[in-house]
Structures are given as structure tokens and as C-alpha cells.
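One structure below.
Protein chains: 2
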Amino acid sequence: MTKHDKAVIGIDLGGTSIKFGLVSAEGNILAKVSRPSNASQGPDAVIEQIKSGVHELLKDDVRVKGIGIGAPGIVNAKKGIVENPPNLPGWGKICVSKILEKEFDKKIFVENDANAAAIGEMVFGAGKDLTSFLMVTLGTGVGGGIVIKKKIFRGDSGAAGEFGHMTIDFNGPKCNCGSRGCIEAYLGINYLTQHVASDLGRHSSSKIFELIDYNLDNLTPLIISKAAKAGDEYAISVITDAGTKLGYAISSVCNLLDITSIIVGGGVAGFGQLLFDSAKASAKERVLKSLRDKITILPAKLSNEAGILGASSLVVYND
Amino acid sequence: MTKHDKAVIGIDLGGTSIKFGLVSAEGNILAKVSRPSNASQGPDAVIEQIKSGVHELLKDDVRVKGIGIGAPGIVNAKKGIVENPPNLPGWGKICVSKILEKEFDKKIFVENDANAAAIGEMVFGAGKDLTSFLMVTLGTGVGGGIVIKKKIFRGDSGAAGEFGHMTIDFNGPKCNCGSRGCIEAYLGINYLTQHVASDLGRHSSSKIFELIDYNLDNLTPLIISKAAKAGDEYAISVITDAGTKLGYAISSVCNLLDITSIIVGGGVAGFGQLLFDSAKASAKERVLKSLRDKITILPAKLSNEAGILGASSLVVYND
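Protein sequence lines, in the order shown, are assigned to chains W and P. The first sequence lines up with residues 1471 to 1789 when you count with the numbering used here. The second sequence lines up with residues 1471 to 1789 when you count with the numbering used here.
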């Protein structure tokens, strides 16, 4: 007897932990496991952890159609190579698909995690009925994935989709990438919280103070969100401003690519309706007239399990 | 006896004049004619002028493979429809390809003029050996065309490529499109000359004054270029600044699309090496590290005849 022979395995490879899911062809998570990445012990140790997690999901004679892996940084999806992923020191270039194919005798698909998130939304989520869309992930970094006519757009060297490093103000705040005014330098979690931390002094009546126990180290997007929901004017202005700026960057993409559907996920998307409304308002205000009425900005559907589901979707997408 | 049966006809449809070229399969112009557009007399009059120009090129038993038309504004290339072109009042939607097919019994290809310029460079010009590139046309407007893996990228509704309306400063100068800080609002000819005109008072020793006969109405990009070549510091700073800003917008496109080759044409590209050097320097400074060493910014090759050659190239491209 075999089980789940239409199911797939999705692996979300991170610097701290590796998350694994057994996922149905419809995108339901049937089982989950996780492993510490053991990144400091080098790539061989990480690979062993990957194998170990998959073996656990495959015990009890579970059979799957294939295994998908979402990995940070540069991924050569065609060759299945993960290159120098940030937070996995000493990695270099490793053909993960070859190693796992040998171990499990399954089809292996590897993709950059931002592209995996976009494919995940296309296959299982908010992009199911869309032909083309931009996927934006608002996390520590601001990631992007471009879907054009139901295909992920990877570009010449596989690096396409870096929405986070589009400039909205050439004189703007410095970004870790070396440029200025990248949308990531406004909306990336650390940039955003640092900006609020340094700005908060001028808003002494803000509810945020109480919510962080008067300790700026406790400041998170969730706290800002809570304060805004409690009616805090400053918190509301922070979210509105973030959405407005996001809308500026979105309008540039819409004009360049004739894309009018945008899916937004990641932690900062938890700012919710206020963020989406202000992003839509500013994008519509700025975009070319011929596209104006078509602009839709949707919340991602995969949310918390985006990593596992995005990785799983690679098998369904490539099937 | 028939002549030129491998040649094509290219038509550059403008609001003031229509230019026609008989062009060899290699991109050499064998004959040229032009007609006033007669735009104020409405679309039928314009169509008659198009027919008249083509008939002139086809006299003496000249046979051609097909006819390409580059038109301003929105073009449905698949259906051969030109929609509400700016400067051609009362046009509405006209299926130009059907009308001309009936008249000439030839294959007709219609394309937006910015895309035609990109295809022209791909088929006959600086893009011959490139797989993917961004074509930028610096004219009255700032146009763009995207070539991905040897194909023009039109987007979902055919409106893709609006490079000119990417924002580089959300607080920047107002653009005619309704947005702010679009690259067109800095580099479009009227924006650029107006900016220089209002700035010139602070540069009383500039050679520009003499070159324009102390009349600001005479200010053109060519004058600024001449002053810069004569060593005028202010004129040099204008061109360097234009190139630097162009580089900012280019770096956003490179990051988003993983494109590293950019071809720049149009009148303002006549600023020459100084413009190209500063654009390249700022794009390289701003683009993501993985793309930095690959950035090349090339001058367009079709220059003066870009309109006719771009339109002609449509026949070769679609063949």
C-alpha cells in the first residue's frame, strides 16, 4: 500500500531552520516537520538535515510525486543549483537537485524563495485566476516575483524580480544593497522599525510606547499594527505612509510591464486593509491613465505557510 | 521584371508628417518619400496620405515582402489596430492593417513606435547580438521597449515598456502623465529645456547664452550639447545630471528584469559620450552587485532613420 502518491513535499530552506511539508495536490498541508539548519557546521550538515526531514515525511511508505525547495538568494532553477545563499556560510554553489534526486529518486525542483512564493500564489493562492501578476513579499527584505502569462519570469541569469530594489527616491535612505531610496529601505522590517523608533520621540502620546513597554527593542510591525487598530494616529500614519510608498513602486512596475494585478504577502502585509487601501490609492494616482482602473492589490493567501506551500507548488507548476 | 522582392516598406506615422522608406532586408534604405499627415482633416485623409506614399514607393513594378508601420500611442499589434494616437485627432480605433492589406495585398505589421524602435535595433542595429535589452528613446517623451529573449515584450494589453514613467523621486517634478518624478519629467526635451531655461540665470557666464542669441526660445538639447563640447561647465553639468538620473531609472529596470544591456536613442541621446558615461556610472553604482559588472549602455545605431527602419524591421521580425 502506498499513500499520497499525488502529494508533494515542499522544503523551505532558511538560515536558522528548515521547514518541510507533505502537501496535497490541492495545496493542503497533510504533515509538517522541521529541522534546525545547522548552518554553522557547513553545507554538508545542512544537506544532511534536509535529507533527514524528507525521510521523516516519507516514512510509513508515503510516496510523493516530487520535492520542491525554496531557497534564499541566487538559484539556478534550470540546473537546480543554490548559489551562496545568505545565512548559509561556506555554501558556494551546490546542485541540490542532483543530491536529492540520488537520495530519493524523485523529481526535484529548486527555486529562489521569492519566485517560489509567486508560484505558490499562482498554483494554490490569490493568483490562481490571474494571467500575469507581481508578487511582493514584505519581510525582513522586500522580495518580488513576476508571473507573466502563467509563467514565472526569471530573466537572463535567473535574478529577475528584485522589486525591493527599485528606487522611489534617488536621494532616499541608504539601502543595504548600496543604493538609495529602494522600496526595501522604507518597508523592510528593520528599516521600518528603525525609522519608527527614531521618529517616536516626536509622538509622545502614541499608544506604541505602552505596547512596547517603553523599550524600543520590542518594536515590531505587529505592535505598530495593534496600535493602529486601537486608533493610534501616529501608527496609522506609519502604515498609510508605508502603503503609499509601496504604491509608488508598484505604479512604476505597472507602467513598465503592463501588469495590473499585485499580490502582497509577508509579515508587513499584516498591516492589513490600511496598507492595501493606501497602496492602491497611491498606485492608482500615479499609474498611467490607461491602466488606472485595472489596478488590483490583493493580499497573499498562503500567509504563514507560504514557504512550504510555495516550495510544494514548484512540483505542481513544473509537472 | 520585378525589383526588390526581398525589400520591405517602413512607415513612420507622425502627427505632422508621414515618412516612408523602401528598405532592403539588411536594413539599407533604398528610397524615401514623405507626405504631410493632414491630421486636421481627420483619419480618412491620413489614411489616403499613407496609401499615396506607399503607391509612390511601389511604382515601376517594385515588389516588397510586406509593410511595417510604427504609430504613436496605443497599438494592438496582434490585430493591427491603432488606437487614439496623440496628434491625430478624431482617430478612434482604426484597423490600419486591414485597410492596407486590402489596398496592397501585402502582409502588414503595425506596432507602437517605441516597440518598433526596439525591434529595429534588434533586427538592424545595436541589439543584433543581444538576447535581451531595454530600448530607451529620449525624445519629446521618454519611450521604452523591452526585448526578452529576442522577442518584444508587450504585456497583457500591449502597453508594456513605459520606461519614461518610472518614478525616480516620488516628490520630484510633476509629469504630464499626472505622476511625479518620472524619468520623462527630467529628460523629456521640453522638461529638460524648461529646467535649463529657468536655471540658466544662475550661470551667467555659460556659453549657452551666446549660442541661443540670448533668446531662451532657441534653447535645444543640441545647443546644450554644443556648449558642453566647447567646455561650458554648466552645460556639462546638465548632461552629466541627465545621464546620472537616467542611470537611476535604468538600475531599477535591471534589478526588476535581470536585464543588463540598454540601448539609448532619440534626440537627447545626441548628448553623446558624456551622457552615456554618467548613465553607466550611476547605473553601476546603484544596481545589485550580481549585475554590476554586466551593465552595458549602448547608443542606438538607427539614429536619424530610426522611425522608418524600426517600422521596416517589423516585417523582417515577424517573417
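The beta carbon of each residue, even a glycine, is placed where N, CA and C say it ideally should be.
Judged by DSSP in its simplified three-state form, Leu-1768 of chain W adopts strand.
In this structure, DSSP gives Asp-1531 of chain P a state outside helix and strand, which the three-state scheme calls coil.
Counting C-beta pairs with one atom in each stretch, the stretch 1628 to 1646 of chain W and the stretch 1618 to 1633 of chain P have fewer than three that are closer than 8 Å, which means they do not touch. Look at Ser-1602 of chain W here: in three-state DSSP terms it is coil, with no helix or strand label. The alpha-carbon of Lys-1502 of chain W is positioned some 38 Å away from that of Tyr-1718 of chain W. Scanning chain P for C-beta atoms nearer than 7 Å to the C-beta of Tyr-1718 of chain W yields Thr-1637, Phe-1640, reported in chain order.
Per DSSP, reduced to three states, the secondary structure at Lys-1677 of chain W is coil, with no helix or strand assignment. Ile-1678 of chain P and Gly-1597 of chain P have their C-alpha atoms some 35 Å from each other. DSSP places Ala-1751 of chain W inside the alpha helix (DSSP H), whose first and last residues are 1743 to 1756. Secondary structure of Gly-1615 of chain W (DSSP, three-state): strand. Annotation for Val-1566 of chain P: the continuous alpha helix (DSSP H) segment containing it runs 1566 to 1574. Identification of residues in the stretch 1621 to 1635 of chain P having a C-beta nearer than 9 Å to some C-beta of chain W yields Phe-1623, Arg-1624, Gly-1625, Asp-1626, Ser-1627, Gly-1628, Ala-1629, Ala-1630, Gly-1631, Glu-1632, Phe-1633, Gly-1634, His-1635, given in sequence order. Scanning P:Val-1666, P:Thr-1730, P:Ser-1782, P:Gly-1484 for the CA closest to the CA of Val-1617 of chain P turns up P:Thr-1730. At a C-beta separation below 9 Å, Ser-1721 of chain W has these neighbours in chain P: His-1635, Met-1636, Thr-1637, Ser-1649.
Think of a sphere of 8 Å around the beta carbon of Thr-1601 of chain W: the chain P residues whose beta carbon falls inside it are Asp-1626, in chain order.
It is roughly 18 Å from the alpha-carbon of His-1665 of chain W to the alpha-carbon of Gly-1648 of chain W.
Within the DSSP bridge table, the entry for Val-1545 of chain W names W:Val-1552 as partners. Around the CB of Gly-1540 of chain W, 16 or more other CB atoms lie within 10 Å, so the residue is classed as buried. Judged by DSSP in its simplified three-state form, Gly-1540 of chain W adopts strand. Nearest neighbour of Asn-1557 of chain P by Cα position, chosen from P:Gly-1736, P:Ile-1499, P:Pro-1542, turns out to be P:Pro-1542. For Asp-1789 of chain W, no beta strand (DSSP E) segment is defined, and its DSSP state is neither H nor E. Bounds of the beta strand (DSSP E) holding Arg-1505 of chain P are 1499 to 1506. Those residues of the stretch 1529 to 1558 of chain P placed with their C-beta closer than 9 Å to a C-beta in chain W are Ile-1544, ordered along the chain. Excluding the 5 residues flanking it on each side, Thr-1714 of chain P has same chain C-beta neighbours closer than 8 Å at Ser-1748, Ala-1749, Ala-1751, Ser-1752, in chain order. Residues of the stretch 1721 to 1737 of chain P with a Cβ closer than 8 Å to any Cβ of chain W, in chain order: Ser-1721, Ser-1722, Val-1723, Asn-1725, Leu-1726, Leu-1727, Asp-1728, Ile-1729, Thr-1730. By the rule that beta-carbons nearer than 9 Å mark a contact, Leu-1758 of chain W touches chain P. Within the model, the alpha-carbon separation for Glu-1571 of chain W versus Gly-1560 of chain W is close to 22 Å.
For Leu-1681 of chain P, same chain residues with a beta-carbon under 7 Å away, outside a window of 5 residues either side, are Ile-1693, Lys-1696, Ala-1697 in chain order. As DSSP reads the structure, Cys-1724 of chain P sits in no beta bridge.
In the assembly as shown, Gly-1523 of chain P is a buried residue. Its beta-carbon has 16 or more other beta-carbons within 10 Å.
Annotated three-state conformation of Arg-1650 of chain W is strand, per DSSP. Here Asn-1725 of chain P has Val-1757, Leu-1758, Leu-1761 as same chain residues with Cβ atoms under 8 Å from its own Cβ, once five neighbours each way along the sequence are excluded.
Boundaries of the alpha helix (DSSP H) around Ser-1760 of chain W: 1759 to 1762. By the neighbour-count definition (other C-beta atoms within 10 Å, threshold 16), Ala-1700 of chain W is an exposed residue. A direct Cα-to-Cα measurement between Asp-1583 of chain W and Asp-1482 of chain W gives close to 8 Å. DSSP places Lys-1577 of chain P within a strand segment (E or B) once states are collapsed to three.
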